[in-house]
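Visitor:
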Amino acid sequence: MKELLLPGGSLANRISYYHLALLLLSLPFDRFYSHLILGSFGIHTLIHFDRRKLKPLFTWRTMVLQSVFFVTVVSTIYATDKISALREWELDVTIFLIPFLFCINPIDLNKHGSRLLLIFSSGIAATIVYLYISAVIALRFYGLPLSLIFSPAFTNHNFSQQINIHATFFSLQVALALVFMLSLFIKEKIRYNKIFCGFVSLVLLAGIIQLGSKSVFAALFLTINVALPLFLLTGKARKRFILISASLTALLIGVICSSGIFRERYLIELRTDFSGSKNDIDVEPRVLRWGAAVDLIKQAPVIGHGAGSEIPLLKEKYFERKYYTSYLNGLNAHDQYLSLLIKSGIWGLLAYLTTLIFGFRLAIKIKDIMLFSLMTLVAVVSVSENILDMDKGVIFYSLFFTFLVFRSTQQKNLILAVKKHENPEKVATNHALVTSSV
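Following this line, the structure appears as structure tokens:
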């Protein structure tokens, strides 16, 4: 605990550490707090800028991390509605700024990364506990049975509305925290620390189920049952983990299928989304809206219609097809890949796919389970949500992608230095790569 609160190093580095810790803790809450802290972090970084500790700015890594923002900038050139296009600049600017700030800030993410992720995971778990307590208080106030906590009134968006965040975007944060705590649980040797990691993991798992995000659940299924044992375990330990995780997953799926509300959320709603029928439902299924998006893509497949064009053009299609609920609510495509094709065409989609491939390759190369889980979450959720068209999605993508890539790169450099029989202490001093346990 002392290391979490007193990270050591220079005063400037400690302030950077506290900024990042507060930024991670603020993510589930109103964007005002995360933007305020990010702005303060940026000002602090510029004040203490030291060009001797400057990391390379114009590198393939930095360009990949910022590429989605550049796609928006270029597609603004031929956008018909420049005001809407500039609004996308405002939304996506953090994708440009965060990698830039990490390049000029000398904080050692290899040393402090695990500590910051532990703070983040603990904060997410505490937020879930708060949401459960709020639900219990509401039930008690109205004299209702506690069993109703698993009713539609307290699941999915209704569970997260207390902190005013979309259930899927909160689920992304919970899932990343869960993978980190499970990885700590696997590696931890001290009994009490292992108990703590196990307890926090159970809280996070309960939050995932309560939030009911199907895409996040699917990404977690792949990460926990496949990537986690392959990245962190070997031999008999790997086989034992796969057997246990597969059994628990099967049990969890059985519980979901036997529960009316969760069966409705995870199975029936999924089937409805792909049914192609809009009878007796409030919102048109995703597959119908995807069809409208595909029609727009066919009109300009190579360069798209320009930044800011998605919703206005989709609303026209919705009206033509009598999708009046989608029209009135101004719904986007609910698919990041289709969204990029509408706005920037094939070249924009290829740029986004390149970033995903870059992240996956780096994660697999150095067996970074956190980076791999992030890329899996982003890639899978992009099928069902416009993850980069919402502030919470943008800051999740830009902050964690940058954070984990910089951390992984530092780890990779240290591994290469050790393989070349260089002095690790010298490498750590020159490149801020001092390793540390949680």
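Numbering-wise (the working numbering), the sequence shown opens with residue 8 and increments by one.
Using N, Cα and C, we set each Cβ at its ideal position, and we do this for glycine too.
According to the Cβ coordinates, are ALA132 and MET188 closer than 9 Å?
Guide: Position 125 of the sequence shown, counted from the first residue, corresponds to residue 132. Position 181 of the sequence shown, counted from the first residue, corresponds to residue 188. Against a cut-off of 9 Å, the Cβ pair of MET188 and ALA132 comes out as a contact.
Visitor: Classify MET397 as helix, strand or coil using the three-state DSSP reduction.
Guide: Stepping through the sequence shown from its first residue, residue 397 is reached at position 390. Here MET397 sits in coil by DSSP.
Visitor: Identify, in the order they occur along the chain, each residue of the same chain with its Cβ nearer than 7 Å to the Cβ of TYR85, setting aside the five sequence neighbours on each side.
Guide: One-based indexing of the sequence shown puts residue 85 at position 78. Cβ within range, chain order: ILE310, GLY313.
Visitor: Are the Cβ atoms of PHE367 and PHE109 separated by less than 9 Å?
Guide: For the purposes of this step, residue 367 is taken as residue 360 along the sequence shown, with counting starting at 1. For the purposes of this step, residue 109 is taken as residue 102 along the sequence shown, with counting starting at 1. No; because the gap between Cβ atoms is not below 9 Å, this pair is not in contact.
Visitor: Start and end of the alpha helix (DSSP H) containing ILE215?
Guide: Start at 1 with the first residue of the sequence shown, and residue 215 comes out as number 208. Where ILE215 is concerned, the enclosing alpha helix (DSSP H) stretches over 198-218.
Visitor: May I ask you to report which of helix, strand or coil DSSP gives THR162?
Guide: Within the sequence shown, numbered from 1, the residue matching residue 162 stands at position 155. Of the three classes helix, strand and coil, the one that applies to THR162 here is coil, per DSSP.
Visitor: Can you tell me whether ASN393 is buried or exposed, with buried defined as 16 or more other CB within 10 angstroms of its CB?
Guide: Indexing the sequence shown from 1 puts residue 393 at position 386. Burial call: buried.
Visitor: Checking 9 Å against the spacing of the C-beta atoms, do VAL223 and LEU384 come in under that value?
Guide: Here the question's residue 223 lines up with position 216 in the sequence shown. Here the question's residue 384 lines up with position 377 in the sequence shown. In contact: VAL223 and LEU384 (Cβ atoms closer than 9 Å).
Visitor: What residue from LYS243, ASN20, ILE231, SER190 has the CA that sits closest to HIS55's CA?
Guide: Taking the first residue of the sequence shown as 1, we reach residue 55 at position 48. The shortest Cα separation from HIS55 among LYS243, ASN20, ILE231, SER190 belongs to ASN20.
Visitor: Could you give the distance in angstroms between the alpha-carbon of SER444 and the alpha-carbon of LYS118?
Guide: Numbered from 1 along the sequence shown, position 437 holds the residue referred to as residue 444. Numbered from 1 along the sequence shown, position 111 holds the residue referred to as residue 118. The pLDDT assigned to SER444 is 34, lower than 50, so where the model puts this residue is not dependable; a value taken from the coordinates is nonetheless given after this. About 8 Å.
Visitor: Can you tell me whether LYS243 is helix, strand or coil according to DSSP?
Guide: Here residue 243 refers to the residue found at position 236 of the sequence shown. LYS243: helix per DSSP, three-state reduction.
Visitor: Can you tell me the Cα-Cα spacing of GLU323 and TYR334, whole angstroms?
Guide: Translated into positions along the sequence shown, residue 323 becomes position 316. Translated into positions along the sequence shown, residue 334 becomes position 327. Roughly 8 Å between the two C-alpha positions.
Visitor: Scan the region 338-402 and note each continuous alpha helix (DSSP H) run of 4 residues or more that stays entirely inside, going in chain order.
Guide: Counting whole runs of 4 or more residues, the region 338-402 contains the alpha helix (DSSP H) stretches 343-373, 376-388.
Visitor: From VAL434 to ARG58, what distance separates their C-alpha atoms?
Guide: Translated into positions along the sequence shown, residue 434 becomes position 427. Translated into positions along the sequence shown, residue 58 becomes position 51. Legend: pLDDT at VAL434 = 46, less than 50; position of this residue unreliable, no value from coordinates given.
Visitor: Between LEU259 and GLN343, which are expected to be in contact by the criterion C-beta below 8 Å, what is the C-beta distance as a whole number of angstroms?
Guide: Within the sequence shown, numbered from 1, the residue matching residue 259 stands at position 252. Within the sequence shown, numbered from 1, the residue matching residue 343 stands at position 336. Their Cβ separation, rounded to whole angstroms, is 27 Å, which puts LEU259 and GLN343 out of contact at 8 Å.
Visitor: Would LEU45 and LEU98 qualify as a contact pair, given that the criterion is a beta-carbon distance under 9 Å?
Guide: As a first step, residue 45 is located in the sequence shown; it is residue number 38 there, counting from the start. As a first step, residue 98 is located in the sequence shown; it is residue number 91 there, counting from the start. Against a cut-off of 9 Å, the Cβ pair of LEU98 and LEU45 comes out as no contact.
Visitor: In whole angstroms, give me the CA-to-CA distance for LEU153 and LEU209.
Guide: Residue numbering aside, residue 153 sits at position 146 when the sequence shown is read from its first letter. Residue numbering aside, residue 209 sits at position 202 when the sequence shown is read from its first letter. Distance between the alpha carbons of LEU153 and LEU209 is about 20 Å.
Visitor: Assuming GLN217 contacts LEU34 (C-beta within less than 8 Å), just tell me the rounded distance between them.
Guide: Residue mapping note: residue 217 aligns to position 210 of the sequence shown, counting from 1. Residue mapping note: residue 34 aligns to position 27 of the sequence shown, counting from 1. That belief does not hold up - the Cβ atoms of GLN217 and LEU34 are roughly 18 Å apart, past 8 Å.
Visitor: Drop a sphere of 10 angstroms on the beta-carbon of ASP280, count the other beta-carbons inside from all chains shown, and report buried for 16 or more, exposed for fewer.
Guide: On the sequence shown, position 273 is the one that residue 280 refers to. Flag for ASP280 reads buried.
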